[in-house]
């Protein structure tokens, strides 16, 4: 923006000082032009891209994997547009960074059994898919610095930031993940994606995809804020997309996920983060009822979506219960089970039952995000078991549910190394008398190969015939949400 000021004429610097200032301005001008340019001819001496790292075969393979397995929960890309982006990758740095981040996200996910990829001429020569994913993520971050994407944001830059968040979360780089997520939400706000009026003009299909992107950020930010005690920046200020670009799109689960997290607004997050204290038992009980009714009994979704939805529902019920006990809102004589001290036993029972219907792959595809939710439910159960209570008599009790949850955590990739030691340590600290029986029971189940919670988790490709889902399982990543 040029601003004309009417001022009294005043002579500027002269001599050598004037020459230095002139040279500095010229240098800044050329530097600014270099930064703002999103194009760099391939083969140019100034081309920042690593030769041979992002090959056409790699892009094709990762794009195919994304749309086959991850799209139902991240319906924010259009296949036609991606093909156009692939055609521009040699000329556009922005396109290059998007595809690098997309490929990195696919490669880093623990639940996706991606075929080994060879990069031929790549100077980095990663030896594993994970190493290749890390190299691609670092490449996107490095090359992207040449773009002035903050001053000139686009939908592409928002998606790139979100993919980089997913990569960092999968690598357990939580500070970096938080920065990338905040960057994605900030860029979205700069584009006005939180305003309904933004979607009144333009292509209907693209507007629908933009709405999905906003709601994906909405859900992811809430899930991450609850897991890591972070503040919120996005709110439910626009409508959900009603127009689906393709009737084949299976995004019913995505809509369910949005509605599941919608009640967790600034009020709840403020109470959760202890920045406010106006909490009431009536409001918490109402929230528990909302959660219980948020999902239908039968989910017409993919199996991996169902795994995410059902686990998230039980996890959110646990968080509301934890907030209730922290604010003295529970009672052993409450007519509502959700407002009693023993409610985590019921949550654990439901969680064990539903995970028994799911394939291992449908859960593993969510990475550490889902495992952390299982861990939180198990920890709440341990806390309840330390109280002097008499739970109702049943075939299985709290110890059985705890053992099965620990078994599940130890079975899922990433759970045994990161979360199993933590839950065992909590049991030893909270229930020292039970630590040995739990560990013996866990070791017995593993040695006998009779993992109670994994009886139906053999071949995920055949799970649709034996589980209440209308389609075979898709694999997805959601730290987020």
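Residue numbers (my numbering): 729 to 1209.
All C-beta atoms in this analysis are idealised placements derived from N, C-alpha and C, irrespective of residue type, glycine included.
> So, are the CB atoms of residue 1093 and residue 1032 less than 7 Å apart?
Replying inline: yes
Q. Who are the Cβ neighbours of residue 861 in its own chain at under 6 Å, not counting the five residues just before and after it?
A. 832, 835, 836
By Cβ distance below 8 Å, which residues in the same chain neighbour residue 1137 in space, the five residues on each side in sequence not counted? The answer, listed in chain order, is 1099, 1102, 1103, 1106, 1143, 1144, 1147, 1148, 1151.
How about residue 1110 and residue 1155: do their beta carbons lie closer than 7 Å? yes
>> Runs of 4 residues minimum, wholly inside the segment 864-924: which ones carry the alpha helix (DSSP H) assignment?
In response: 883-898, 902-918
**Report entry** Close beta carbons around residue 965, own chain, < 8 Å, minus the five adjacent residues each side
**Finding:** 922, 923, 924
Alpha helix (DSSP H) segment containing residue 1054, residue limits:
Note, residue 1054: alpha helix (DSSP H), 1031-1054.
Please identify the residue among 1086, 1068, 1014, 1018 whose C-alpha is closest to the C-alpha of residue 1027.
1086
- Task: Would you mind stating whether residue 1041 and residue 1023 have Cβ atoms separated by less than 7 Å?
- Result: yes
**Prompt:** From residue 887 to residue 1126, what distance separates their C-alpha atoms?
**Reply:** 43 Å
*Which value, in whole angstroms, describes the spacing of the CA atoms of residue 867 and residue 828?*
7 Å
- Considering residue 1151, what are the terminal residues of the alpha helix (DSSP H) in which it resides? 1148-1158
| Terminal residues of the alpha helix (DSSP H) in which residue 948 lies | 932-956
>> Rounding to the nearest angstrom, what Cα-Cα distance links residue 945 and residue 820 in this structure?
In response: 25 Å
_I'd like to check one pair, residue 776 with residue 1141: are the Cβ atoms closer than 7 Å?_
no
For this session: Just the C-alpha distance for residue 1010 and residue 817, rounded to the nearest angstrom, thanks.
Result: 55 Å
- Boundaries (first-last residue) of the alpha helix (DSSP H) holding residue 1107: 1096-1113
Quiz item: From residue 895 to residue 959, what distance separates their C-alpha atoms?
Solution: 21 Å
* Asked: Should the segment 1057-1077 be regarded as contacting the segment 867-885, the criterion being three or more beta carbon pairs within less than 8 Å?
  -> By the Cβ rule, the segment 1057-1077 does not count as touching the segment 867-885, because fewer than three pairs are nearer than 8 Å.
Practice task
Would you identify the three-state DSSP class for residue 722, choosing helix, strand or coil?
Solution key: With the chain represented from 729 up to 1209, any question about residue 722 goes unanswered, as that position is not in the structure.
Residue 790 - containing alpha helix (DSSP H), residue span = Taken as a continuous stretch (DSSP letters only), the alpha helix (DSSP H) holding residue 790 covers 784-793.
Report task. Return yes when the Cβ of residue 937 is within less than 7 Å of the Cβ of residue 806, no when it is not. Result -> yes
query = Skipping 5 residues on each side, what residues in its chain have a beta carbon closer than 6 Å to that of residue 880?
reply = Cβ neighbours of residue 880 beyond the five flanking positions: none.
Alpha carbon to alpha carbon, how far is residue 1055 from residue 1020? 21 Å
Can you look up residue 963 in the DSSP assignment and give me helix, strand or coil? coil
Going straight from the alpha carbon of residue 795 to that of residue 788, what length do you get? Near 11 Å, if we compare the C-alpha coordinates of residue 788 and residue 795.
Exercise. How is the alpha helix (DSSP H) around residue 989 delimited, first residue to last?
Worked result: 980-989
task = Have a look at residue 967 and residue 984 and give me their C-alpha separation to the nearest angstrom.
result = 14 Å
In its own chain, which residues sit with a C-beta less than 6 Å from the C-beta of residue 1057, not counting the 5 before and 5 after it?
1009, 1012
| Under a Cβ-count criterion, where at least 16 other Cβ atoms within 10 Å of its own Cβ denotes burial, should residue 735 be classed as buried or exposed? | Confidence is the limiting factor: at residue 735 the pLDDT is only 36, short of 50, which leaves the residue's position unreliable, though a coordinate-based value still follows. By the 10 Å Cβ count, residue 735 comes out exposed.
Can you give the Cα-Cα distance for residue 814 and residue 797, rounded to whole angstroms? 20 Å
Span of the alpha helix (DSSP H) around residue 1066: Where residue 1066 is concerned, there is no enclosing alpha helix (DSSP H), given that its DSSP letter is neither H nor E.
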